[in-house]
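At the far end of the sequence shown sits residue 133, using numbering that gives the first Met the number 0, and the numbering has no gaps. No residue lacks a Cβ here, since even glycine has one placed at the ideal position from N, Cα and C. Let me begin by presenting the structure, written as structure tokens, before commenting on it.
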Amino acid sequence: MKTINVRIGWELLLFILIVLTFSSYQQIITLEWNALIFPAIILALILGLCFSIKYTFDQEFLYIKNSIFGTTKINIKEIHKIEKTWNLLSAPAPSIIGRVEIYYKDGSIVISPRDFDELKNELLRINPNITVKE
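Right under this line is the structure:
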């Protein structure tokens with residue numbers, strides 16, 4: 000199985016950290032550390048989600064693995080188009096920048112590979128009929 004590295008969007012994680020910090024500002028200044036447990040748990044869950052996403056494939060399927068939501072299995076022969084996108088819909092794509100939408104027989108899914116060209120070349124090697132929009 001070949002693995003494509005996931006792009007972790009530090010801009011997204013920084014935004015979440017800023018929101019959690021501002022929402023807990025009063026507790027931070029008054030040193031109410033017990034009140035910070037909930038934001039810390041939320042941050043830990045988000046980090047766990049981001050770092051658990053994996054994109055792997057073999058000669059037949061692309062597997063998009065996420066520890067909480069399971070695995071999406073896409074037949075590479077059914078993929079008809081891949082394109083770069085700014086679609087911010089919820090997806091197994093822990094980055095705002097560098098998202099790729101994969102269109103296949105049953106719908107589409109947005110992912111964020113670290114190297115778009117590597118993903119594109121590997122998919123085209125298995126299915127040369129894929130249309131690529133950059």
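Apart from the five residues on each side of it in sequence, which residues of its chain come closer than 6 Å, Cβ to Cβ, to residue i?
| i | result |
| --- | --- |
| Val109 | Asn86, Ala90, Ala92, Arg98, Glu100 |
For residue i and residue j, what's the separation of their Cα atoms in angstroms?
| i | j | result |
| --- | --- | --- |
| Lys64 | Thr55 | 8 Å |
| Ser94 | Leu12 | 9 Å |
| Pro38 | Leu19 | 6 Å |
| Phe164 | Ile7 | The displayed coordinates of the chain run from 0 to 133. Any statement about residue 164 would go beyond what the structure contains. |
| Leu61 | Lys72 | 6 Å |
| Ile17 | Asp105 | 37 Å |
| Met0 | Asp57 | 5 Å |
| Glu10 | Leu42 | 14 Å |
| Ser111 | Tyr103 | 17 Å |
| Phe68 | Ile40 | 18 Å |
| Ser66 | Leu44 | 11 Å |
| Pro127 | Glu59 | 13 Å |
Starting from residue i and walking both ways along the alpha helix (DSSP H), at which residues does that stretch end?
| i | result |
| --- | --- |
| Lys119 | 115-125 |
Is the CB-CB distance between residue i and residue j below 8 Å?
| i | j | result |
| --- | --- | --- |
| Lys132 | Lys53 | no |
| Leu35 | Ser22 | no |
| Asn4 | Arg113 | yes |
| Leu122 | Ile129 | yes |
Kindly say whether residue i, judged by its beta-carbon, lies nearer than 8 Å to any beta-carbon of chain B.
| i | result |
| --- | --- |
| Ser94 | Of the protein chains in the structure, only one exists, and it is not chain B. |
In terms of residue numbering, what span does the beta strand (DSSP E) encompassing residue i cover?
| i | result |
| --- | --- |
| Phe56 | 53-56 |
Output needed for residue i: all residues of its chain with C-beta closer than 8 Å, excluding positions within five of it in sequence on either side, in chain order.
| i | result |
| --- | --- |
| Ser107 | Glu100, Ile101 |
| Gln26 | Trp32, Ala34, Leu35 |
> Does the count of Cβ pairs from the stretch 40-48 and the stretch 69-84 closer than 8 Å reach three?
Replying inline: no
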